[in-house]
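Listed in order, the protein sequences are those of chains D and A.
Going by my numbering, the letters in the first sequence line up with residues 513 to 905, in that order.
Going by my numbering, the letters in the second sequence line up with residues 561 to 887, in that order.
Where a beta carbon is used, it is the ideal one built from N, C-alpha and C, also for glycine.
Here the structure is laid out as structure tokens; the discussion comes afterwards.
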Amino acid sequence: MNILAIAYIFFLMPTRIDSCRICHGGETFSYEKSVHAHLFSCKECHGGDPADMKKTAMSPLKGFRKLKNKREIAIICSKCHSDVEKMLPYGKFIDELRIYKTSKHGISLFEKGDEKVAVCTDCHGVHDIKRVNDPFSSVYPFNIPFTCARCHADKEYMRDYKIPTDQFEKYRSSIHGKLRLENKDMRAPACPDCHGVHGALPPQTKNIHQVCGKCHEAQKLYYEKSIHKDVEGFSECASCHGYHDVSKPRYQIFISESGCLKCHEKGSSPAKLAEEMMNMFVEAENSINSTIALIEKARTKGFEVEEETIKLKEAKGWIIEGLTVVHSLNLQEVRDYCQNAIVISSDIMELVRLKLIEWRDRRVMLIINIFIFMLTAFLLILKRKSIKGGQDV
Amino acid sequence: MKEYFEKWAKKKVWWDWDNYSGIFLLFLIIIEIITGFSLSFYYEASPEGSNESLRYIMNSLPYGWLIRSIHYWAGHLIFIFLSIHIFLKILKKKFVKEYVVEWSTGVGLLILSVLWFMSGRYITWSQNSFWEITTLSEELNELPILGKYIRLFIRGGESVGSQTLTRSYVFHILFLGILFSTIAFFHFKSIINRHTDTSEVSKKSFALYLIDALIIMFFLFSLLLVFSVFLPVELPPPADPYAVPEKIDVFWFIYPLYKFYTLIPKHIFFIHRVLIFSIACSIILLSFSALPFIYDEKKKYLANFLHIFFLFFIILYSGLSLLRVFL
């Protein structure tokens with residue numbers, strides 16, 4: 513590796529005198545690929561004298577520092593990243609260190625001196641730091657859950673903190689994880705979207721709906737109107753949908769042990785209300801499914817059903833909105849939404865039925881025509897036979 | 561053996577199907593012209609209006625769906641009967657010098673039919689047709705000297721757009737129509753000239769043929785109605801120049817040629833495959849149309865070889881094309 517480094521220096525960059533690169537070939541190579549490569553040299557972080565070709569280049573007298581201490585790393589990074597003048601051209605924030613210090617990681621490092629917590633280099637890389645929007649960066653939106661999991665899924669590493677280590681596995685199998693990691697859907701949240709970027713904190717019980725509400729805003733507004741809002745010890749969204757293992761809500765949530773029945777006794781009035789709501793949704797959904805089947809039938813018969821398909825989306829929209837309104841626990845409002853979906857779906861069904869009646873008419877017309885054609889053909893065959901008979905004679 | 565085969569073949573009714581398949585083709589082309597003419601009243605040849613006008617024809621225009629479906633299915637049936645027609649003509653050795661006009665005009669009509677069908681596909685301005693014409697013109701661009709002119713001629717400009725559609729439309733309804741009718745005129749004239757016998761017996765034979773033709777016509781109408789009612793043509797998705805499709809569905813009759821083309825490496829000794837393919841196709845087509853001159857009964861081995869070779873070629877080619885339809 514060193515031979516390569518020497519070759520690199522002498523043949524490719526002969527004018528650059530930097531003694532660090534002669535011995536630290538590996539680090540030099542990874543540094544050359546980083547976002548910082550053409551901005552500054554090793555000296556900016558490590559100090560020392562790169563012009564000195566001897567080992568004295570790394571003398572503490574020349575300001576050399578090994579950066580073995582995590583606190584030192586955070587401060588060294590912030591030297592530039594908290595500097596307005598330096599960060600202005602890149603449009604970067606300058607308060608990362610301040611925010612970091614308010615995070616669990618920052619508090620543990622700066623106040624408790626815990627060297628195991630994550631600091632800048634643990635997430636962003638050491639010498640090979642890449643831009644956040646570089647797909648090879650460890651903090652690229654699709655890579656960040658894996659980066660967090662490096663520590664948070666390591667049972668051995670997390671033993672002292674007494675916190676679960678199955679968050680990543682749960683997240684990966686959740687609707688959010690599947691969308692973000694499998695479908696590459698940036699709208700689905702990853703760890704920093706809920707816990708914060710540099711100010712990583714676990715959301716508190718009374719904040720969960722605010723955190724979820726960043727994306728699920730309508731649900732948040734309806735939830736705030738509901739009776740659940742003021743219930744003590746109710747873990748807001750997470751009580752019904754789970755934490756890291758948020759799954760796609762099914763209607764079963766209204767009558768399942770992991771849903772409403774987790775708190776409400778079966779047969780009690782809240783449980784009955786939930787069941788009634790579920791029945792409304794199921795009825796609306798069934799109506800839409802029947803319409804879809806009818807539309808498909810018409811499509812296979814060659815009818816244009818584009819307009820009906822678009823209208824059906826409106827009906828589905830009412831159900832989706834109804835599922836949002838359900839967070840308010842207002843039965844009448846939910847009923848109205850479901851009813852709207854059923855009315856639209858029935859109207860579409862009527863339109864499609866008319867098309868299928870036309871198809872029946874087409875078939876009748878076809879049978880009549882074919883009958884006439886075949887009859888004419890039969891008469892022609894008879895005529896042919898008589899002519900042929902005469903010809904033979 | 562050969563005598564026995566010919567004797568057996570002459571006894572069979574299907575032996576006369578080389579002529580009947582021709583009548584089928586004639587009717588189908590007449591149906592295509594009538595339905596195409598009807599559709600042209602409502603079709604709009606512009607990238608924005610093409611799909612919309614087809615949608616209008618299919619959904620709002622009374623019996624528009626029927627006219628378009630018949631136009632579509634008749635187009636496909638033409639190639640099925642063309643395969644049968646060519647196969648039987650070769651089987652019955654209707655390519656000897658005596659039939660030189662019918663044969664050479666027939667080959668011309670075959671090529672024009674393919675072009676006619678393909679231009680018809682392009683004017684639907686669907687996602688498939690847009691990318692097919694784009695790929696085709698791009699590949700032809702690789703031809704030395706003439707390539708860029710052919711590309712420009714097909715596209716009507718640097719990119720595939722409204723000019724390309726206008727050209728395809730003019731070709732479909734005017735240029736190819738006139739050219740086809742002219743060649744077809746000579747094709748039929750030669751057939752009629754052969755049968756200028758005015759005897760009483762011949763008149764009766766003509767009456768029989770006429771009745772056969774009418775029966776065929778009614779059979780064809782029934783077939784087309786069944787196809788149109790049970791398998792009405794769908795409206796293809798409109799062309800989207802910004803979305804490249806994963807694959808292009810090539811017209812089934814030229815599918816074996818397309819497959820053969822894709823099997824050739826892109827460059828062989830710095831020569832682009834399009835040139836190699838064009839030369840190979842030209843040789844096959846030229847030898848096919850010049851068959852009456854190449855075929856010589858006196859040279860028995862060569863004659864037998866040519867007969868069997870082209871017979872198998874047609875069976876193989878049609879078989880592969882039809883496989884594409886069903887698989």
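(message) Quick check on the burial criterion: 16 or more other C-beta atoms within 10 angstroms. Buried or exposed for Ala730(D)?
(response) exposed
(message) For the region 622-654 of chain A, list every residue whose C-beta sits within 9 Å of some C-beta in chain D, in sequence order.
(response) Trp625, Leu626, Ser629
(request) Just grab the DSSP bridge partners of Ile831(A) for me. (result) DSSP lists Ile828(A) as partners of Ile831(A).
(message) Per the DSSP calculation, Pro798(A) is bridged to which residue(s)?
(response) Ser686(A)
(request) Please work out which residues of its chain come closer than 6 Å, Cβ to Cβ, to Tyr729(A), disregarding the five sequence neighbours upstream and downstream, and give them in chain order. (result) Residues Ala605, Ile683 of the same chain have their beta carbon placed closer than 6 Å to that of Tyr729(A), with the five preceding and five following residues left out of the count.
(message) Is the separation between the beta-carbon of Cys632(D) and that of Ala586(D) shorter than 8 Å?
(response) yes
(message) For a cutoff of 8 Å on Cβ pairs, would you count Ala767(A) as touching chain D?
(response) yes
(message) Quick check on Lys867(D): buried or exposed, where buried means 16 or more other Cβ atoms within 10 Å of its Cβ?
(response) buried
(message) So Ile882(D) contacts chain A; which residues on that side make the cut at Cβ distance below 8 Å?
(response) Ser782, Leu785, Val786
(message) Give me the residue from Ile671(A), Arg727(A), Ile828(A), Tyr623(A) with the minimum Cα distance to Pro607(A).
(response) The residue with the shortest Cα to Cα distance from Pro607(A) is Arg727(A).
(request) Would you mind working out which of Arg615(A), Arg754(A), Tyr616(A), Gly721(A) sits nearest Asp800(A), comparing C-alpha positions? (result) Gly721(A)
(request) In the DSSP assignment, find the alpha helix (DSSP H) that holds Asp705(D) and state where it starts and stops. (result) 703-707
(message) Do Pro798(A) and Gln687(A) have their beta-carbon atoms positioned less than 8 Å apart in this structure?
(response) Contact flag set, yes.
(message) Between which two residues does the alpha helix (DSSP H) holding Ser560(A) run?
(response) Past the edges of chain A, shown from 561 to 887, lies residue 560(A), and the structure says nothing about it.
(message) Just to confirm, is the Cβ distance from Ile882(D) to Ala853(D) under 8 Å?
(response) Taking C-beta atoms as the reference points, Ile882(D) and Ala853(D) fail to come closer than 8 Å.
(message) So, with DSSP's three-state summary, where would you put Pro562(D)?
(response) coil
(request) Rounded to whole angstroms, what's the CA-CA distance from Gly582(A) to Asp697(D)? Just pull it up for me. (result) So the two alpha carbons sit approximately 58 Å from each other.
(request) Using a Cβ-Cβ cut-off of less than 8 Å, list which residues of the region 661-695 of chain A approach chain D; keep chain order. (result) none
(message) By alpha-carbon positions, which one of Lys860(A), Ser849(A), Leu823(A), Ala850(A) ends up nearest to Val837(A)?
(response) In the sequence as presented, Val is not what sits at residue 837(A); that position holds Phe. Ranking the options by Cα distance to Phe837(A), first place goes to Leu823(A).
(message) Can you give me the C-alpha to C-alpha distance between His636(D) and Ala796(D), rounded to a whole angstrom?
(response) 49 Å
(request) Pick out whichever of Pro816(A), Phe655(A), Lys859(A) has its Cα sitting closest to the Cα of Tyr877(A). (result) Pro816(A)
(message) Tell me the DSSP secondary structure of Lys737(D) in three-state form.
(response) helix
(request) Inspect the beta-carbon positions of His867(A) and Lys708(A) and report whether they are closer than 8 Å. (result) No. Outside cutoff.
(request) Pick helix, strand or coil for His636(D), following the three-state DSSP scheme. (result) Annotated three-state conformation of His636(D) is helix, per DSSP.
(message) Please return the same chain residues whose Cβ sits closer than 8 Å to the Cβ of Glu662(A), not counting the five positions on each side in sequence.
(response) Lys654, His747, Ser750, Ile751
(request) Measure from the C-beta of Pro801(A) to each C-beta in chain D and report whether the shortest distance is under 8 Å. (result) no
(message) If the cut-off is 7 Å on Cβ atoms, which residues from the region 571-598 of chain A count as contacting chain D, listed in chain order?
(response) none
(request) Could you check the C-alpha separation between Arg875(D) and Val789(A) for me, to the nearest Å? (result) Between the C-alpha atoms of Arg875(D) and Val789(A) there is a straight-line separation of about 7 Å.
(message) My parser needs the alpha helix (DSSP H) runs of 4 or more residues fully inside the region 773-822 of chain D; what are they?
(response) 781-812
(request) Rounded to whole angstroms, what's the CA-CA distance from Leu785(A) to Pro657(D)? Just pull it up for me. (result) 60 Å
(request) Give a yes or no on whether 8 Å exceeds the smallest Cβ distance from Ile860(D) to chain A. (result) no
(message) According to DSSP, is Ala850(A) part of a helix, a strand, or is it coil?
(response) coil
(message) Which same chain residues end up closer than 8 Å to Lys604(D) when comparing Cβ atoms and leaving out the 5 residues on each side of it in sequence?
(response) Non-local beta-carbon contacts of Lys604(D) in its own chain, meaning distances under 8 Å to residues more than five positions away in sequence, involve His593 in chain order.
(message) Measuring straight from C-alpha to C-alpha, what distance separates Leu824(D) and Ile880(D)?
(response) 36 Å
(request) Identify the contact partners of Thr888(D) in chain A, using a Cβ-Cβ distance below 9 Å as the criterion. (result) Leu774, Ile775, Phe778
(request) State the start and end residues of the unbroken alpha helix (DSSP H) segment that holds Ser759(D). (result) Where Ser759(D) is concerned, there is no enclosing alpha helix (DSSP H), given that its DSSP letter is neither H nor E.
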